[in-house]
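A quick write-up on the structure given underneath.
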Amino acid sequence: MSVSNELTSAQRDDLRIVAAMIVPASDEYKVPGADDPAVQADMLATLGRDTALVAEALNHLARLAGKPLAELDPARRDAVAEEFRASGGAAAATLVRVVLQCYYRDDRVLRSLGLELRAPFPQGYTLEQGDWSLLDPVKAKPPNLRRAT
Amino acid sequence: MNDPVDVLIIGAGASGAAVAWSLADTKMHILCLDQGGWMNSSDYPSTGRDWEAKFYGDWSTSPNIRGRPEDYPINDDNSPIKVVNFNGVGGSTVMYTAHWPRLHPSDFKVKTLDGVADDWPIDYDALTPFFEENDRMMGVSGLSGDPRSPLTHPPMPPQPLGLSGPLIGKAMNKLGWHWWPSDTTVATMDYEGRARCINLGHCTPACAQGAKASTDITYWPHAIRAGVELKTHCRVREILTNEHGMASGVVYYDKDGVEQFQPAEVVIIACNGVGTPRLLLNSVSGRFPNGLANSSGLVGKNLMFHPYAQIYGFVKEPTDSNRAPPTCLWSKEFYDTDLSRGFVRGYGIQFGRGAGPVFEAVASEQKGILPWGADHHRVFRKLNGHRLGVSAICEDLPEEHNRVTLDPVLKDSHGIPAPKIDYTISENSRKMMAHGLARGREILEAAGATDLCINDPIPWGGWHLLGTARMGTDPARSVVNEWGRSHDVKNLFIVDGSVFVTSGGVNPTSTIQAIALYVADQMKQRLANLFD
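The listed protein sequences derive, respectively, from chains A and B.
Here the first sequence is numbered in this note's numbering, starting from 1 and rising by one per residue.
Here the second sequence is numbered in this note's numbering, starting from 150 and rising by one per residue.
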C-alpha cells in the first residue's frame with residue numbers, strides 16, 4: 001500500500017480544505033494555495049513517519065466538524081479551525097508543519113519569494129564581509145577577563 | 150573471544166576521537182568501538198531540495214524523533230529540556246552549530262570566586278596547550294584578541310559578518326555592550342583537506358561541504374593512519390571487572406547483533422554526559438552493585454544542560470537567513486558574576502543570523518505571529534529573511550537531583566536499559582534566563598526588531614550533557630580524579646563532558662576535547678605507573 005493510501009479519501013479531502021485555510025492562493029503574490037494539486041501530491045507522497053499523527057489530526061478535525069469540511073459554511077469552518085488549533089496538540093502541529101514544509105518548497109512559491117530553486121549544496125551562497133569597522137569601539141575598550149584568583 | 154587490546158575506547162565522538170589520536174603515538178594497540186557507522190556526506194540534508202523538512206525527521210536533533218538504528222531512546226519526559234545528540238563516528242560533532250568558545254579561567258574556580266558549587270581540580274592553564282592543539286586539529290576560524298574571552302589563536306580568519314552581523318554589531322555598540330566574532334570550527338579557507346565554507350545554510354545537521362569540523366573528518370583519519378582501529382556498529386552493553394576490581398573488558402553487540410567480549414588493559418569511556426553514566430550504571434556486579442566507579446554515589450548525578458533563553462525578532466533589513474552559518478557572533482557582557490543582577494554566575498550570548506523559509510513558516514505559525522488565511526502571504530514576506538536571534542546560554546550549577554538513571558522499562562534495540570532524565574531548572578538559572586531575555590529584548594529593540602518571540606527555555610536544547618561523572622580529588626565527592634581516572638577502578642578513564650565540575654556559560658565541546666587531550670597526555674606521562 002502506498003503512503004498516500006494510508007489516508008482515507010475523506011481525510012485527503014479535509015487535508016486539502018484545511019491546507020487552503022492555512023495558505024490560500026493569492027492573485028496579489030501570484031502563488032497557488034496549499035490545496036494546489038502539486039502541493040497536495042507532495043504532501044501525500046512524503047508523509048512517511050508523519051502519517052499517523054496527520055491522520056490523528058484529521059480525525060480530530062472531523063470530530064470537531066461533524067461532517068466534511070467542504071460542507072461547512074465559512075464561519076463554521078473558521079470556528080472549527082480555531083478549535084482545532086487550540087485543542088489539536090502535537091498532531092495538529094504536525095499537520096500544519098507538513099502543509100507548510102511542502103508549500104514552502106514548491107517552485108512557484110519559492111520563485112515568488114525570490115529564492116533560488118535548488119538545494120544549497122554544491123553551489124552554496126555568497127556572504128558579504130560586512131563592515132568590520134563596527135568592531136573598533138569594542139577593540140578600543142581595555143581587556144576585561146575575570147581572573148581566576 | 151577477541152584478542153586483547155591495550156586500550157579500548159568506547160565512543161568515536163568529540164572526546165573519543167581526540168583521545169584516540171593523542172594516544173596513537175604510544176604505539177599501543179588501541180581499539181575504539183562505536184554504536185554507529187561512518188557518515189556519508191552525500192546523504193546530508195543540504196544536498197536535497199527537501200533539506201529543511203529533514204530537520205523534522207531523519208535529521209532531527211532528537212534521538213527520540215530521529216530514531217536511527219544507532220540511536221538509543223532517552224526518557225526525558227521529566228525534564229523541560231530535551232536531550233539532543235547524534236550517534237555515529239564523529240558523534241555530536243556531526244550535528245552541532247560549530248560555535249567554539251572555551252570555558253574561561255574563572256569557570257574553574259567558582260567556589261573560590263563566588264562561593265558556589267566546587268572548584269575544578271585542574272585550572273585553565275593546565276588545559277591551555279591542549280586547547281591550542283585541539284584548535285589546530287579541528288581547524289578553527291576566528292579573530293584573536295577578544296578583550297573579554299581567553300586569548301585564542303585561530304588558524305583561519307573569522308566568518309564574514311554578512312548581513313546579520315552588522316545589524317547586531319550596531320545594536321550592541323548603541324548599548325555599549327561587548328560583542329565579538331565567534332571562534333567557530335567552520336573552515337573559512339581550505340584547511341587540512343577540508344574545503345572552505347560556501348554558506349550552505351544551517352550547519353547543525355551536518356556539512357555536505359566538509360567545511361564544518363566533525364571528528365570523522367578531522368581526528369579520525371589521522372588516528373587511523375597512526376594505527377588506531379575503529380569498529381563501527383558495535384554497541385557496548387557493559388564493562389566487566391576481574392577479581393582485582395580492575396576493568397577486564399567490555400561486552401558489546403557487533404554489527405550483526407552477536408554478543409562479543411573484548412578484553413582490554415585500559416578502558417576509556419567517551420559516551421557523553423548521558424551515555425557514560427548509562428553505561429556505568431548498566432555495569433553492575435557483586436563488587437560494584439550500584440554501578441561501576443560509583444562508590445561516591447555520584448554517577449549520573451549533577452547533570453548540567455545549559456538552559457538556553459532565546460528571544461528573536463524581525464527587522465526591516467534583510468538578514469542572512471539560511472545562506473550562512475547560523476552563528477557568527479558572541480557576547481560576554483554578562484558572563485561574570487554581578488550579584489546586583491539577583492543571581493550568581495552568568496551567561497554567554499550567541500547571536501543567530503536567521504532561518505530558512507520552512508523553519509520560519511513553521512516556527513512563526515506555532516508562535517501565533519503567522520496567521521492562517523488571506524493575510525498569511527503578506528506577513529510571511531515580512532518575517533522570512535528578516536529574523537535575528539539572541540540566545541543566553543546560562544551556566545547551570547550542579548545539583549544532585551538533576552540526574553541520569555536507568556529507565557525501568559525503556560530499552561534500546563539491543564535490550565539494554567535506556568537512560569532516564571530527571572531535571573529541573575534551578576531558581577538561580579531562572580533568574581539568569583529572565584535577565585538574558587530582558588537584555589536580549591533590549592538588543593533586538595536597538596536593532597529595530599519587532600514581533601519578538603521567546604523560547605524559555607529552548608525545549609530541544611539539551612545539547613550540552615555535563616557533570617554526571619565529575620572530576621575531583623576527593624573520592625567521596627567525585628567519580629574520576631584530576632586526570633580522568635576512576636577513583637574506584639584504576640584502569641578506567643572518562644574523557645567526555647561527564648567529568649565537568651561546573652558548566653561555564655559557553656558551548657563546551659572545545660573544552661571537552663581539550664580535557665580529552667589533557668587526560669591522554671597525563672596517561673602517556675604515567676604509562677609506567679598508570680595503575681598505581
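Heads up, the beta-carbon is just placed ideally off N, CA and C, and yes, glycines get one too.
Less than 8 Å between CB atoms is the rule here; does residue i satisfy it with respect to chain B?
| i | result |
| --- | --- |
| A/V121 | Going by the sequence as given, residue 121 of chain A is Phe instead of Val. So yes, A/F121 belongs to the interface. |
| A/N144 | yes |
| A/A75 | no |
| A/I17 | no |
| A/Q101 | yes |
| A/E128 | yes |
| A/G88 | no |
| A/A91 | no |
| A/A148 | yes |
| A/D131 | yes |
| A/L135 | yes |
| A/L47 | no |
Answer with yes or no whether the minimum CB distance from residue i to chain A is below 8 Å.
| i | result |
| --- | --- |
| B/W479 | no |
| B/A336 | no |
| B/H535 | no |
| B/H584 | no |
| B/A523 | yes |
| B/H327 | yes |
| B/T476 | no |
| B/K673 | no |
| B/K323 | no |
When DSSP labels each residue in this structure, what does residue i get in the three-state scheme?
| i | result |
| --- | --- |
| B/D226 | strand |
| A/C102 | helix |
| A/S4 | Low local confidence applies: a pLDDT of 47 at A/S4 is under 50, so the model's placement there is unreliable, with the coordinate-based value given in what follows. A/S4: helix per DSSP, three-state reduction. |
| B/W479 | strand |
| B/K582 | With the sequence shown as reference, residue 582 of chain B is identified as Met, and Lys is not the correct amino acid for it. Three-state result, B/M582: helix. |
| B/D670 | helix |
| B/N604 | strand |
| B/I373 | helix |
| B/Q411 | strand |
| B/I574 | coil |
| B/Y484 | coil |
| B/T333 | strand |
| B/A458 | strand |
| A/R146 | coil |
| B/Q515 | helix |
| A/A25 | coil |
| B/K323 | helix |
| B/L615 | strand |
| B/R149 | Outside the shown range of chain B, which is 150 to 681, sits residue 149 of chain B, and nothing can be said about it. |
| B/H526 | helix |
| B/H248 | strand |
| B/Y402 | strand |
Could you work out which residue in the options is closest to residue i when comparing CA atoms only?
| i | options | result |
| --- | --- | --- |
| B/I570 | B/N451, B/G597, B/L324, B/E594 | B/N451 |
| B/P731 | B/P557, B/A362, B/I574, B/T573 | Lying before the first or after the last residue shown, residue 731 of chain B is absent from chain B, which here runs from 150 to 681. |
| B/Q184 | B/L379, B/A413, B/A625, B/Q459 | B/L379 |
| B/V243 | B/G359, B/V650, B/S445, B/A458 | B/G359 |
| B/L546 | B/D220, B/A266, B/I214 | B/A266 |
| B/H455 | B/R579, B/C543, B/W329, B/T554 | B/C543 |
| B/D645 | B/L666, B/W609, B/M286 | B/L666 |
| B/N678 | B/T658, B/P657, B/N640, B/G653 | B/N640 |
| A/A70 | A/A19, A/L115, A/A90 | A/A19 |
| B/R215 | A/R76, A/R49, A/G66 | A/R49 |
| B/A510 | B/K531, B/V493, B/G288 | B/K531 |
| B/L478 | B/K404, B/T425, B/W249, B/R579 | B/W249 |
| A/E6 | A/L61, A/A92, A/L110, A/L53 | A/L53 |
From the DSSP output, which residues share a beta bridge with residue i?
| i | result |
| --- | --- |
| B/M177 | Per DSSP, none; premise fails for B/M177. |
| B/A396 | B/T390 |
| B/K541 | In the sequence as presented, Lys is not what sits at residue 541 of chain B; that position holds Ala. Paired residues: B/A458, B/I498. |
| B/I158 | B/C181, B/I417 |
With a threshold of 7 Å, establish whether the CB of residue i neighbours any heavy atom of the ligand MG.
| i | result |
| --- | --- |
| B/N224 | Among the components of this structure there are no ligands whatsoever, and the ligand MG is therefore not found. |
> Listed in chain order, which residues of the region 49-81 of chain A have Cβ atoms closer than 8 Å to some Cβ of chain B?
Replying inline: Within the region 49-81 of chain A, the residues whose Cβ lies closer than 8 Å to some Cβ of chain B are R49, D50, A81, listed in chain order.
>> Short of 8 Å Cβ to Cβ, which residues in the region 16-43 of chain A face chain B?
In response: M21, I22, V23, P24, S26, E28, Y29, V31
>> Short of 7 Å Cβ to Cβ, which residues in the region 104-117 of chain A face chain B?
In response: Result list: Y104, R105, L113, L115.
> Taking any Cβ of chain A, which residues in the region 285-304 of chain B have a Cβ under 9 Å from it, in chain order?
Replying inline: L292, G294, D295, P296, R297, S298, P299, L300
> In chain order, what residues of the region 250-281 of chain B put their CB closer than 8 Å to some CB of chain A?
Replying inline: Taken in chain order, the members of the region 250-281 of chain B whose beta-carbon sits within less than 8 Å of a beta-carbon on chain A are H253, P254, S255, F257, K258, T261, L262, D272, Y273.
>> If the cut-off is 7 Å on Cβ atoms, which residues from the region 239-250 of chain B count as contacting chain A, listed in chain order?
In response: none
> Residues in the region 598-622 of chain B with C-beta within 7 Å of chain A's C-beta atoms, listed in sequence order?
Replying inline: none
> If you measure beta-carbon to beta-carbon, which residues of the region 530-563 of chain B are closer than 9 Å to chain A?
Replying inline: R530, N533, G534
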